[in-house]
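The block underneath contains the structure these notes are about, expressed in structure tokens.
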Amino acid sequence: MSAFLAMGGYGFYVWTAFAIFFIVLLIDTLAPLARRRRHLREIRARIARQANRRRPGTPARNESNA
Amino acid sequence: MTSPSPLLEARALCFSRQDEPVFGPVDFALHGGEVALVEGDNGSGKTTLMRVLTGMLHAGEGEVLLDGAPFALDTMAGAVVFLGHHLGLKFDLSARENLAVSAGLYGVRAGTSITAVLGDVGLAGFEDEPVRRLSAGQKKRAALARLLLLPARVWLLDEPYANLDREGIALVNRLLRDHAARGGAALVTSHGAVTFAGDEPRRIRLHA
Amino acid sequence: MTSPSPLLEARALCFSRQDEPVFGPVDFALHGGEVALVEGDNGSGKTTLMRVLTGMLHAGEGEVLLDGAPFALDTMAGAVVFLGHHLGLKFDLSARENLAVSAGLYGVRAGTSITAVLGDVGLAGFEDEPVRRLSAGQKKRAALARLLLLPARVWLLDEPYANLDREGIALVNRLLRDHAARGGAALVTSHGAVTFAGDEPRRIRLHA
Amino acid sequence: MTPGSTPAACAALLRRDLTLAWRRRGDIALPVLYAVIVVTLFPFALGPEPQLLQRIAGGVVFVTVLLAMLLSLDGLFRPDIDDGSMEQLMLAPQPLALLVGMKILAHWLTAALPLVVVAPVLASMLHLPPPAIVVLVVALAVATPLLSLLGAVLVALAAGAKRSGMLLALMLLPLCVPVVIFAAGAVAAAQDGLPWIAPIAWLGAGLALAVVLAPLACAAALRIAMDT
Amino acid sequence: MTPGSTPAACAALLRRDLTLAWRRRGDIALPVLYAVIVVTLFPFALGPEPQLLQRIAGGVVFVTVLLAMLLSLDGLFRPDIDDGSMEQLMLAPQPLALLVGMKILAHWLTAALPLVVVAPVLASMLHLPPPAIVVLVVALAVATPLLSLLGAVLVALAAGAKRSGMLLALMLLPLCVPVVIFAAGAVAAAQDGLPWIAPIAWLGAGLALAVVLAPLACAAALRIAMDT
Amino acid sequence: MANWVPLWLHRLGSPPTFYRFAGAVYPWALGLAFVLGAIALYGGLVVAPADYQQGDAYRIIFIHVPSAWMSLFIYGVMTLAAFIALVWRIKLAETVAMASAPIGAAFTAITLATGSLWGKPMWGTWWTWDARLTSELVLLFIYLGIIGLCHAFEDRRQGARAAAFLVLVGAVNVPIVHFSVNWWNTLHQGATIRLLGPSHMAASMVWPLLTMMGATKFYYIASLFSRVRTELLAAEGGKAWVRELAVAGVAGGKA
Ligand code: HEM
Ligand SMILES: Nc1ncnc2c1ncn2[C@@H]1O[C@H](COP(=O)(O)OP(=O)(O)OP(=O)(O)O)[C@@H](O)[C@H]1O
Ligand SMILES: Nc1ncnc2c1ncn2[C@@H]1O[C@H](COP(=O)(O)OP(=O)(O)OP(=O)(O)O)[C@@H](O)[C@H]1O
Ligand SMILES: [Mg+2]
Ligand SMILES: [Mg+2]
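Protein chains in written order, with the numbering used here: chain A, 233 to 298; chain B, 6 to 213; chain C, 6 to 213; chain D, 1261 to 1488; chain E, 1261 to 1488; chain F, 202 to 456.
As structure tokens, then:
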């Protein structure tokens, strides 16, 4: 096992390379998931805010006399 | 004076920002000799509408027609002038030099000159002052002088009354009346706080 | 409610730019509970007067007194708030965050909160929107909210009515009335095109 | 030239940009001074050995000229967009690509030409031998318009962005790499007494292509930028 | 901390500037990328010989960091002046010098610190040996706050001018020469195995002085700048 | 048969449908990537023998080469999507182009890092200014420029279109990376593996490499779909289907 880990003296290089590979891809996998959670939270906040905005009595559509 | 196909026409024009509608379907047709007032509260989408009409912003749905033909930035050949919140003046040049550039780009309406239009808007004596040194209202007047100088038939004016004194407001109204009399069309935004002189104009209301 | 020494006083105040006088000697005294309107045409020097009163520009002659003491930027301890053509809002922050910074710098008037003042100026629902996304009038309202939040006794407002709709103008008038009732003083510039509600205010006229 | 015709429009725009540059003539001098100062910093940072300086002279002058141009590029369209002039250019009855081409020409005349003129002085401060200096000037005369044109496209792309200064550097520098390699390569070849025509010819071919395509690309990019 | 007290004001301002930087977090990364790209340009311009690159590594990294900081310095007070925030800072019941100091601190944290962090990578791309890299980082850690402080004074002075970017470069670079000489000298000494403490100590002394004086000078310069 | 394909494509192009489709594909693609990756690692680290010249250090090849290929492949996909986005203004193409950029940048960064880690024992240096290494570095800058430009805009679509433009401009670099070993003589290895014709490598080394290549492809699909989903949510924030999703997310605890 320790021979496997030593990689014929190149253990440091090989294992660092593999570690970088996995860490970078892990970050790449998690980033969009976290961002999606944030977006959903923001959309909910926006829905709440827009409910606040619409003043009572104003029609929702535009009109023009042309 | 009304020509068969309107100068500027909007059909079911909508605009959305990030899928939230800014203004709903707007329809209007503006013939030569007509001035229309776009009214709406703060944030109702007046500036946005103006920018869509100039072709800077792409409307989500609906279309804008100029002289009966679908509107495109490349083909409208200087028929439209736009005066927005930003006046399009170079602060290091004088009013006269600024107008000379516009004249080179758009051409000059027959029978006017740069000195004459600057006098008309009340900037006589300030022609060669760098625009930087003019007050807020004087800058606005310099921008209004462009309208007089250029041969465009359609004017799009976003809050032309802001920052002007009483006399300046009267000036804008006079410019609009003369323009209409020449057969031009104009679309003007305002909050309705200043009274628009002359015969009651057409109104287009936007709601927030 | 009138205190013995006026809150803000100008004595024979003159300002010249390159030896050309911008405005002649101006004298006034503003006691607590008073609102004065500075009127003048475009280019008459209203903005310049405001900047002299805040201490940003140094007056050529004459003096400004605050609470009876000569005025200096270092010593006036947040007694003055200024609202100019530039609103002093960070466009990348929301209205709430902008107000939080002002509160940190100047402190907060007893009995108010940021959410409350934003609601008062009609920005409920827009508190967390970046200021960049607000329309011209909504930005102005966000700037007005600062006035309500801070404990300053003297307000200097340069064209607070510009870009506001009718309701917004009424809002400014209400703010001014409440401020005066609390014993504050305010100096407001305007072209006189919008009517100032309430009892007839003091007027200071500048001539171009 | 009747006002409103295309030649008149080009002339008016060119005159405007040159007048503006002249009103701020301090600013024309500034890239030059910037380049002078950056080049003088190197002997301080590296020590004053002539052989070393001579060895790096060509490269340092190129990088410096590139950075100095970069600083001025940001001001190519930004002021026009901020003060509303760009809207007027777009609404004018003229081909936008041509107007944009005029703006790029004005930029090259005011921002790059002075650098080309001063480059021999900078190079001789770093002990570059005279024959190589001639090649340096030739290389710069071909490379700087190319950089102006490439830069203009990227500036136009970034013009709609919230803030563009640094972003521009990020986008421009990778694209400049070939230009720098060819131009500095020509100087290095001349310094070693090798033929240096080939890299310059490549640059010239690139320039010919860019003169045609870049204004069109710029105009398209500006249309995208104004769409907010 | 009650709102309106001096610590609260400092905290509010610092928080504001850091939030703004975070909202534009792309911009924090940009000076770093700029530095990376400028450093990579040198091998293209000079050719890839490791001995040559190693010889100039320290100097190039310093000049690059300096230029990257320079680009970001322009944004230190200009946005606040343009949007009216500066007037509010001046009218606030707090010592202006202290508020300005907070702004400088925020600027250093967001613009210079990332450069210090990335400098070892840049240096090793140019083959600087590891012991010299340690000295490089130490020298940068002392030199960059000094540059931030000096730069802030000059930005404040130039703020009244119509356009300040280039002017700033011009005024800052000569002042930076001593800083560059000391800092690059320390690295060169380390590279040659000589003692390198003395130049760093000088820089430290300069920093101590600047921390006290620069905010005061800045505040005075800003008062002058606003007086137009 | 001939009819339902375009119809299906059209349906797929509509955001809510694509959102659901991508959501369904995502776990499968990620799972497949994981399984193939595990097999390839077993083959590469345990089964394959040490190289007679490089010893065990050569095992970096099993991540270096697939990542390097992906860094170029993804740029190719991005170029195609950017072209479609600019010419036909198709929203989904914009989204695919922009979602690909960070993944491509990640693979480019991995290539650079693992190459450096391999270069130290093999060439005695972390970095040289060799044509392939340098052009790969430039590729990273181009990726970062695209990401930076895209995010520098207030409006998503506008940013996407400006960045798509830059994608096309930067595409010239891709052939340079690939052919640099042929055009300039460099330290870096030439093509050792050919899909067509005999390779220069032992079969026990080739199969884990090809398996890893498959794993990275599936990983790309998974990551791309995950990002596209996120983008769609952000871009369509005002539409009813997103709002329902957001509100349902609170109620159901999962979106
Ligand atoms: C920072 C250093 C390095 C970088 C940036 C780099 C980059 C690349 C790139 C971009 C490719 C893909 C080329 C293509 O598909 O067209 C590649 C392939 C390859 N690299 Fe590297 N590399 C580096 C170091 C190394 C080292 C040190 C070795 C081994 C001694 C190596 C061995 C290989 C091999 C064997 C291939 C496959 C070649 C093929 O079959 O096409 N690389 N590298
Ligand atoms: N750049 C932007 N990004 C996102 N939303 C915006 C942007 N500009 C404006 N908005 C929003 O769009 C709506 C319409 O804005 P617009 O500027 O068109 O209003 P307006 O009618 O001109 O108002 P005002 O009278 O205050 O100038 C507002 O609710 C505003 O919040
Ligand atoms: N920076 C400056 N340099 C030189 N002169 C200036 C400068 N700013 C304003 N002026 C001049 O000073 C005079 C007063 O300008 P000021 O801006 O105070 O007018 P104002 O009353 O605010 O006008 P407005 O109603 O148009 O805003 C004007 O004649 C103007 O031309
Ligand atoms: Mg508006
Ligand atoms: Mg004024």
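Glycine included, C-beta positions come from ideal geometry on N, C-alpha and C.
Being a predicted model, the structure only gives us computed values, none of them experimental.
One thing to note: A/VAL256 has its Cβ no nearer than 8 Å to the Cβ of F/ASP257. The beta carbon of B/ALA185 is closer than 8 Å to those of GLY38, GLU39, VAL40 and ALA191 in its chain, skipping five residues each way along the sequence. By the neighbour-count criterion, in which a residue is buried when 16 or more other Cβ atoms sit within 10 angstroms of its Cβ, F/SER405 is exposed. By the Cβ neighbour-count rule, C/HIS63 is exposed, with fewer than 16 other Cβ atoms within 10 Å of its own. Counting along the chain, C/ARG207 sits inside the beta strand (DSSP E) bounded by residues 207 to 210.
Of the heavy atoms belonging to ligand 3, at least one sits nearer than 7 Å to the Cβ of C/HIS196. Taking a Cβ-Cβ cut-off of 7 Å, the neighbours of F/ILE343 in chain D comprise PRO1434, given in sequence order.
Sequence-distant partners of E/MET1362 (beyond 5 residues in either direction) whose C-beta falls short of 8 Å from its own C-beta, in its chain, are CYS1270, LEU1273, LEU1274 and ASP1277. Taking a C-beta distance under 8 Å as the contact criterion, D/LEU1333 and D/GLY1411 qualify as a contact pair. For D/LEU1280, no CB of chain E lies under 8 Å from its own CB, so it is not counted at the interface with that chain.
Of D/GLN1311, D/VAL1395, D/LEU1358 and D/LEU1301, the smallest CA-CA separation from D/LEU1454 is found for D/VAL1395.
Under the Cβ distance rule, B/THR117 does not count among the residues neighbouring chain D, no pair being separated by less than 8 Å. A direct Cα-Cα distance of roughly 30 Å separates F/GLU295 from F/GLY238. With contacts defined as CB atoms closer than 8 Å, D/MET1431 and F/GLY439 fail to qualify as a contacting pair. In the displayed model, F/ASP257 falls within a helix according to three-state DSSP. By the Cβ neighbour-count rule, C/GLY29 is exposed, with fewer than 16 other Cβ atoms within 10 Å of its own. In this structure B/VAL85 is not in contact with B/LEU35, their Cβ atoms being roughly 11 Å apart against a cut-off of 8 Å. When beta bridges are read from the DSSP output, C/ALA74 appears opposite C/LEU71. One finds LEU1417, ALA1418, ALA1421, LEU1427 and MET1431 in chain D with Cβ atoms closer than 8 Å to the Cβ of F/LEU350, taken in chain order. Within 10 angstroms of the beta-carbon of F/SER301 lie 16 or more other beta-carbons, which makes it buried. Put simply, the backbone Cα of C/ALA157 is about 13 Å away from that of C/ASP72. One thing to note: C/LEU155 has its Cβ within 8 Å of the Cβ of C/SER107.
Between D/LEU1407 and D/ILE1364, the beta carbon gap of about 11 Å keeps them out of contact (Cβ cut-off 8 Å). Within 7 Å of the C-beta of B/ALA141 there is at least one heavy atom belonging to ligand 3. For C/SER21, the three-state secondary structure derived from DSSP is strand. Annotation: B/GLU134 to C/ASP46 spans about 18 Å, alpha carbon to alpha carbon. Proximity of D/LEU1351 to chain B, defined by a Cβ-Cβ separation below 8 Å, is satisfied.
In the DSSP annotation of this structure, the continuous segment of the alpha helix (DSSP H) that includes F/ALA416 starts and ends at 404 to 436. For B/GLY45, the enclosing beta strand (DSSP E) has its first and last residue at 40 to 45. By the C-beta density criterion, D/GLN1451 is buried, having at least 16 other C-beta atoms within 10 angstroms. For the options D/VAL1296, D/ALA1481, D/THR1300 and D/ALA1295, the alpha carbon positioned closest to that of E/PRO1438 is the one of D/THR1300. B/PRO26 has B/SER21 as its beta-bridge partners, per DSSP. In the assembly as shown, F/GLY232 is an exposed residue. Its beta-carbon has fewer than 16 other beta-carbons within 10 Å. Around B/SER140, the beta-carbon contacts reaching into chain C at under 7 Å are ASN47, GLY48 and THR52. For the pair D/ALA1305 and E/LEU1414, the Cα-to-Cα distance works out to about 22 Å. If the five residues before and after C/ARG151 are omitted, its C-beta is found closer than 6 Å to the C-beta atoms of SER107, all from its own chain and listed in chain order.
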